[in-house]
Every structure is written in structure tokens, then in C-alpha cells.
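Residue numbers (the working numbering), protein chains in the order written: chain A, 80 to 207; chain B, 654 to 769; chain C, 23 to 119; chain D, 487 to 617.
Even glycine gets a Cβ: it sits at the ideal position worked out from N, Cα and C.
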Amino acid sequence: MTDTTQSASSSEALLIVLRHPPHGSSWLREGIDVALVAAAFGREVELLFQGDGVFALLEGQAAGALDQKGTHPQLKMLEMYDIERLWVSQRDLDRRGLTVDDLMLPVTTLDPDGVAALHAARPLSLIF
Amino acid sequence: MTMPSSQTLTVDGRFVARDSEGYLVSLDDWSPEVAEAMAQDEGRELTPAHWEVLNVLRDFYRRYEAAPAMRPLVKAVRQSLGEEKGQSIYLMRLFPESPAKVAARLAGLPKPTNCL
Amino acid sequence: MTLHLIIRTPHSSGIFADLLDAFADGDYLLLIEDGCYAALPGAAGLDDAVVAGRIGVLREDAESRGLLARVAPSIEIVDMDGFVALTERFPKSLSWF
Amino acid sequence: MLSYALLVHAAPYSTQGALSALRFAEAAIARGHRVETVFFYHDGVHNASTLMAPPQDEVHLGERWKRLGETAQTALLVCVAAGLRRGIVDGTEATRHDLAQYSVEPPFELTGIGQLVDAVLTHDRLITFPP
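What follows is the structure in C-alpha cells.
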């Protein structure tokens, strides 16, 4: 398990927790929008993919019906906004029959204690 | 045909509709000639240095389906055109007022939502 | 320490699982809106061992749903004023939906 | 005394969230706190519609927010990006986007997501009211 609480520089980072899958609702897009704006303002931002939010990272996504934009290009854009810390709940991957090899971006996995520790260590966070 | 709502440009005998702030009504209308005409209409001249940046923006949009804020624009320019040009002061000189906004408009990217 | 707020019934998808994964020592869980149904004794979704003594239900929302007399004994009943008092005690709150 | 920001994702009348947020705000003020900002995002932007007309025997959420804005000097901020997509625009944005009508008036104010980030960073507490 990776220690989530050590990095002093991150204690004031804004943690955006993404819990919804792409396409079916606008939660994921609107959550990423908040992350991008915060980063554009120079704030350190981290993302935690929990629950159905892990589906956001699934490899091989495309635009939706009626040309609905996907969120995968937004996720690929994160590095341009210097958002580099992506945390994923290992248990939520397991529950959905996925592994990190199914994901489109390099991530750091957390066990349940790690998820709780990350939440506890970040004074500023928003769930989408 | 889309009704030109406010200002039209005529490029190579074709009408190009723009909204009241000068953004293209339909992004499909964009071409390098349209960009030149838009710039001329705004009293700007597009040099090769301007075009390098417009091309970075169009490439950014193709990859990420979004127009960048200033910081990621600077980063994208630095990645494609080098350290010297990847500076906000350089972009400010090319596109005074607001490089991310002005250059995105000329590059035919969607109108931003005033979100920043 | 975090105040967790939950507004869905315990039978809705995945929320309680994700919340419990994020629940740390010293945290508190307040059930509001449809989350109040989790205050029934034996309701699926909440692991008593995890949250015993650290869980409350919003009085007004429980009352309007016919739950007030049925709330499990380990769950505190908190009114709107008490909700605000909880946010004074806990510097951070997270809403799960 | 603490300063609060509330984040409202809930549309009026569809779910209980907007009402919970209002009642929370009123209770917080009654305990001596300041509710400095309410930020409307996602479907919560519909709370700002000036065209809301509920039956007379139901709470008028638009009026209640307005009263909060006027009596407690709470800033009622509406995300412009979320609003534009959903037809929640003020006069300025209507002009900007060549629209014939608008649906937002003061004390509601269209702003960017940056104001939400700012509220998260500067207020003592942030409480989210989902749909």
C-alpha cells in the first residue's frame, strides 16, 4: 500500500472524489471541470476514483449517442493541467471484475484503509 | 443555411456566420482562410509566429476536445515549440488582452463559458 | 475528522459500501433525507460494528417518513440545530450520493 | 462563529436537497454563523430561475433563496457553465449568446467554477446538498 498521508505538499491539495460512471449522467464531467478549474488557478489537485467512478478510467471509450462527448479526452488532458495524482480504490476495481490493466491511465491503487486514510488526510475535498 | 445572427464574413464568396462576440456559429466553417479573414476584421495580422500557436491550439482541441486555460496552453506551446515560446509573456505579445481566448477564437475552437 | 452525510436509502447502489470504505476513526455519519431509512434496526447497508455510537438521524426527515419511533437504539436523533452543531464539531463534511 | 459555503446540486422540487440546504442555512444563521456563499451547480442551477411559479400552498424556493440573500447578505452564485447548458442565464449572458430571453436576476449571480474553488478554500465549512 502507498502511504497517502506522508507528502506534506499534498495536505492542502484539493481532493476531487469521482464516484459516477461516464455518459449516464453529467457528474463525472462536472467533477472533472471543477478539478481543471482549480488546477488552472494553480491549486494542487488530486483525483480519487471510488465506486462506479473507476469506470471513468476504462480503456477503449468513445463518444456517445448523438455525439455526446465522452470524458476520456478530459482525463487524458489532466497532465496538461499538472494533475498527476490519480488514486483508485482497489476493492472497487475487484468488485467490478477489473484490474489496473483495464485502465487508460497510470494510477495508484489504495486498499480500504488507504482510501479512509486519504479522505482523512485531506481537509479539502468534494465528491461528485 | 444558418442565419447569420450578427456579423457575417465573406470568404471566397461564401458567407460565414459569427455571433455577436465574433465566434464562429458553426465550427465546421473554420479554414485557414476564414481565420485570416477573422483576424483582418479584428485588425490583427497573422504572422507565422501566430500560426504556430493556432496550430498548437487546434492540435490541443483535436486531442482533448476542449480549449485550454492559460496555464495548459503555455505548457502545450512549450511542448511543441520549445521553452522560449512556451512563456505567457510571449503569448501575451502575440495575442494581447487574453491569449487563451483570442487565439482560441481565431483557431475556430468553441466559445468559452466564462468559467474561469 | 469528517462528518459524513447520506441522503439515499440503504438499498441504493454502492453508496454505503463506498462510504464505509472512507469512514475513519472519529468520523460521524448523519442520515438525512432518504438516508433516514438506514436508521431502521436491521437495515441492510450499515455495519453496526463500524458506526455504533457515531451515527445520527435528522429528526425532521425521520419524522416525516414515519421513522421516529422506529429508530435503532444505537442511533442518535439530531434536529436541524444539532446538524449545524455537528458541522461545528467536524471541520470537514462529505455528502454521498 | 463560522463562515459557511453551501454547494447545492439539487434542482428545486425534484428532490429534497434544495429545501434541506435552505433549512440548514436558516438554522446555521440562527446559531450565529454566517452563510456567506451558496453555490448552485449541476441541476441546482434551476433554483435561480426567476420563472419559478409553484402553487400558493407550497414553499416558494426561489423567494426563500432571495430572502436569504437579502437578509443574510448571502452571495447566491450560479455556475455559468452549468447554467448555460440548462437555460439558466442572466441578461448579460443572454446578450453574449444572442438569446432573446433571460431567466436569472439579482440577487442570484452567474459566476465561474473558480468562485466555488475560492469558497472551498476561504470558508470555514463547506456543506454539499446533493439531489
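**Minimum C-alpha distance to ALA568 of chain D - residue among D:ILE515, D:ALA558, D:ALA497** = Start at 1 with the first residue of the fourth sequence, and residue 568 of chain D comes out as number 82. Out of D:ILE515, D:ALA558, D:ALA497, D:ALA497 has the C-alpha closest to the C-alpha of ALA568 of chain D.
**Message:** Using beta carbons (cut-off 9 Å, strictly below), is TYR717 of chain B in contact with chain A?
**Reply:** To locate residue 717 of chain B, count along the second sequence from 1; it is residue 64. For TYR717 of chain B, the answer is yes, since a Cβ of chain A falls inside 9 Å of its Cβ.
**Request:** Name the two residues that bound the continuous beta strand (DSSP E) containing ARG520 of chain D.
**Result:** For the purposes of this step, residue 520 of chain D is taken as the residue at position 34 of the fourth sequence. 520-526 is the extent of the beta strand (DSSP E) around ARG520 of chain D.
**Prompt:** Would the beta-carbon of GLY110 of chain A be found less than 8 Å away from any heavy atom of the ligand NAP?
**Reply:** Judged by which ligands are present, the structure shown has none, so any question about the ligand NAP falls away.
**Prompt:** So which residues of chain D does GLU110 of chain C contact, with C-beta pairs closer than 7 Å?
**Reply:** Along the third sequence, one-based indexing puts residue 110 of chain C at 88. The contacting residues are LEU488.
**Request:** Quick one: which residues of the region 708-737 of chain B get their C-beta closer than 8 Å to a C-beta of chain A? List them in chain order.
**Result:** PHE713, ARG716, TYR717, GLU718, ALA719, PRO721, ALA722, MET723, ARG724, PRO725, LYS728, ALA729
**Request:** Please state whether DSSP places MET80 of chain A in a helix, a strand or coil.
**Result:** Position 1 of the first sequence, counted from the first residue, corresponds to residue 80 of chain A. Note that MET80 of chain A has pLDDT 47, beneath the 50 cutoff, so the model's placement of it is unreliable and the number below is only indicative. Looking at MET80 of chain A - three-state DSSP - the assignment turns out to be coil, as it is neither helix nor strand.
**Asked** Along chain C, in chain order, which residues have C-beta atoms closer than 9 Å to that of VAL194 of chain A?
**Response** The sequence position of residue 194 of chain A within the first sequence is 115, counting from 1. In chain order: ASP40, ASP43, ALA44.
**Asked** What does SER105 of chain A touch in chain C if you count any residue whose Cβ is under 9 Å from its own?
**Response** Sequence index remark: in the first sequence, residue 105 of chain A carries index 26 (1-based). By Cβ distance, chain C contributes nothing, its closest Cβ being about 13 Å from SER105 of chain A, past 9 Å.
**Prompt:** Helix, strand or coil: how does DSSP classify LEU680 of chain B here?
**Reply:** Locating residue 680 of chain B in the second sequence gives position 27, where the first residue counts as 1. Note: LEU680 of chain B maps to helix in three-state DSSP.
**Item:** Whether PHE525 of chain D touches GLN601 of chain D by CB criterion (9 Å)
**Value:** As a first step, residue 525 of chain D is located in the fourth sequence; it is residue number 39 there, counting from the start. As a first step, residue 601 of chain D is located in the fourth sequence; it is residue number 115 there, counting from the start. Cβ atoms of PHE525 of chain D and GLN601 of chain D: closer than 9 Å.
**N- and C-terminal bounds of the beta strand (DSSP E) containing HIS26 of chain C** = Walking along the third sequence from the start, residue 26 of chain C turns up at place 4. Taken as a continuous stretch (DSSP letters only), the beta strand (DSSP E) holding HIS26 of chain C covers 24-28.
**Message:** Let's see if you can read the secondary structure: which residues bound the alpha helix (DSSP H) around ALA200 of chain A?
**Reply:** Translated into positions along the first sequence, residue 200 of chain A becomes position 121. ALA200 of chain A -> alpha helix (DSSP H) spans 191-200.
**Message:** Taking the straight line between their C-alpha atoms, what separation do you get for THR741 of chain B and GLY103 of chain A?
**Reply:** Here residue 741 of chain B corresponds to residue number 88 of the second sequence, with the count starting at 1. Here residue 103 of chain A corresponds to residue number 24 of the first sequence, with the count starting at 1. The displayed chain sequence assigns Ser, not Thr, to residue 741 of chain B. Rounded to whole angstroms, SER741 of chain B to GLY103 of chain A spans 38 Å at the Cα level.
**Request:** With a cut-off of 8 Å on the beta carbons, I'd call THR614 of chain D and ILE206 of chain A a contact; round off their distance for me.
**Result:** Within the fourth sequence, the letter at position 128 stands for residue 614 of chain D. Within the first sequence, the letter at position 127 stands for residue 206 of chain A. Confirmed, Cβ separation roughly 7 Å.
**Asked** Which two residues bound the contiguous beta strand (DSSP E) that contains TYR50 of chain C?
**Response** Here residue 50 of chain C refers to the residue found at position 28 when the third sequence is read from its first residue. Start and end: 50-53.
**Asked** Which two residues bound the contiguous alpha helix (DSSP H) that contains LEU42 of chain C?
**Response** In the third sequence, counting from the first residue as 1, residue 42 of chain C sits at position 20. 37-44 is the extent of the alpha helix (DSSP H) around LEU42 of chain C.
**Asked** Should the region 588-603 of chain D be regarded as contacting the region 549-566 of chain D, the criterion being three or more beta carbon pairs within less than 8 Å?
**Response** yes
**Request:** Mind checking which residues open and close the beta strand (DSSP E) that includes ILE77 of chain C?
**Result:** Walking along the third sequence from the start, residue 77 of chain C turns up at place 55. First-last of the beta strand (DSSP E) with ILE77 of chain C: 77-80.
**Asked** From which residue to which residue does the beta strand (DSSP E) around ILE99 of chain C run?
**Response** The residue you call residue 99 of chain C lines up with position 77 of the third sequence. 98-100 is the extent of the beta strand (DSSP E) around ILE99 of chain C.
**Request:** Out of A:ARG175, A:GLU158, A:LEU97, point me to the one whose CA is closest to LEU726 of chain B's CA.
**Result:** As a position in the second sequence, residue 726 of chain B is number 73, starting the count at 1. Nearest option by C-alpha distance: A:GLU158.
**Asked** Is any beta-carbon of chain A found at less than 9 Å from that of HIS528 of chain D?
**Response** For this step, residue 528 of chain D is matched to residue 42 along the fourth sequence. With 9 Å as the cut-off, HIS528 of chain D counts as an interface residue toward chain A.
**Request:** Check ALA760 of chain B in the structure and name its three-state DSSP category.
**Result:** The residue labelled residue 760 of chain B in the question sits at position 107 within the second sequence. Correct three-state label for ALA760 of chain B: coil.
**Request:** Reducing DSSP to helix, strand and coil, say where TYR490 of chain D ends up.
**Result:** Here residue 490 of chain D refers to the residue found at position 4 when the fourth sequence is read from its first residue. Note: TYR490 of chain D maps to strand in three-state DSSP.
**Asked** Is SER733 of chain B helix, strand or coil by DSSP?
**Response** Numbered from 1 along the second sequence, position 80 holds the residue referred to as residue 733 of chain B. Looking at SER733 of chain B - three-state DSSP - the assignment turns out to be helix.
**Request:** Determine the direct distance from the alpha carbon of GLU736 of chain B to that of LEU562 of chain D, and round the result to whole angstroms.
**Result:** As a first step, residue 562 of chain D must be located in the fourth sequence, where it is residue number 76. As a first step, residue 736 of chain B must be located in the second sequence, where it is residue number 83. Their Cα atoms are separated by approximately 42 Å.
**Asked** What does GLU109 of chain A touch in chain D if you count any residue whose Cβ is under 8 Å from its own?
**Response** Here residue 109 of chain A corresponds to residue number 30 of the first sequence, with the count starting at 1. The answer, in chain order, is TYR527, HIS528, ALA568.
**Prompt:** Per DSSP, what kind of secondary structure is ALA753 of chain B in: helix, strand or coil?
**Reply:** Translated into positions along the second sequence, residue 753 of chain B becomes position 100. Correct three-state label for ALA753 of chain B: helix.
**Request:** Find the nearest neighbour of GLY75 of chain C within the set C:ALA39, C:LEU108, C:ILE97, C:PHE112, judged by alpha-carbon distance.
**Result:** The count along the third sequence starts at 1 and reaches residue 75 of chain C at position 53. When only C-alpha atoms are compared, the closest one is C:ILE97.
**Asked** So is ALA142 of chain A buried or exposed if we call it buried at 16+ other beta carbons inside 10 Å?
**Response** As a position in the first sequence, residue 142 of chain A is number 63, starting the count at 1. ALA142 of chain A comes out exposed.
**Request:** Quick one: list the residues of chain C neighbouring GLN502 of chain D, beta-carbon separation under 9 Å, in chain order.
**Result:** Here residue 502 of chain D is taken as the residue at index 16 of the fourth sequence, counted from 1. Result: ILE29, ILE54, GLU55, ASP56, ASP83.
**Asked** If we count the other Cβ atoms within 10 Å of its Cβ and call it buried at 16 or more, is THR608 of chain D buried or exposed?
**Response** The residue labelled residue 608 of chain D in the question sits at position 122 within the fourth sequence. It is exposed - the Cβ of THR608 of chain D has fewer than 16 other Cβ atoms within 10 Å.
**Request:** Since I believe LEU25 of chain C is in contact with LEU108 of chain C (beta carbons under 8 Å), could you give me their beta-carbon distance rounded to a whole number of angstroms?
**Result:** Here residue 108 of chain C refers to the residue found at position 86 of the third sequence. Here residue 25 of chain C refers to the residue found at position 3 of the third sequence. Yes, LEU108 of chain C and LEU25 of chain C are in contact; Cβ-Cβ is about 5 Å, under 8 Å.
**Asked** For ASP665 of chain B and chain D, any beta-carbon pair shorter than 9 Å?
**Response** Along the second sequence, one-based indexing puts residue 665 of chain B at 12. By this cut-off, ASP665 of chain B is not an interface position.
**Asked** Is LEU203 of chain A close to chain C, meaning its C-beta is less than 9 Å from at least one C-beta of that chain?
**Response** Numbered from 1 along the first sequence, position 124 holds the residue referred to as residue 203 of chain A. Yes, LEU203 of chain A lies at the interface with chain C (some Cβ there is under 9 Å from its Cβ).
**Message:** Please report the distance separating the alpha-carbon of GLU82 of chain C from that of GLN140 of chain A.
**Reply:** Taking the third sequence and counting its residues from 1, the one referred to as residue 82 of chain C is at position 60. Taking the first sequence and counting its residues from 1, the one referred to as residue 140 of chain A is at position 61. C-alpha separation (whole angstroms): 44 Å.
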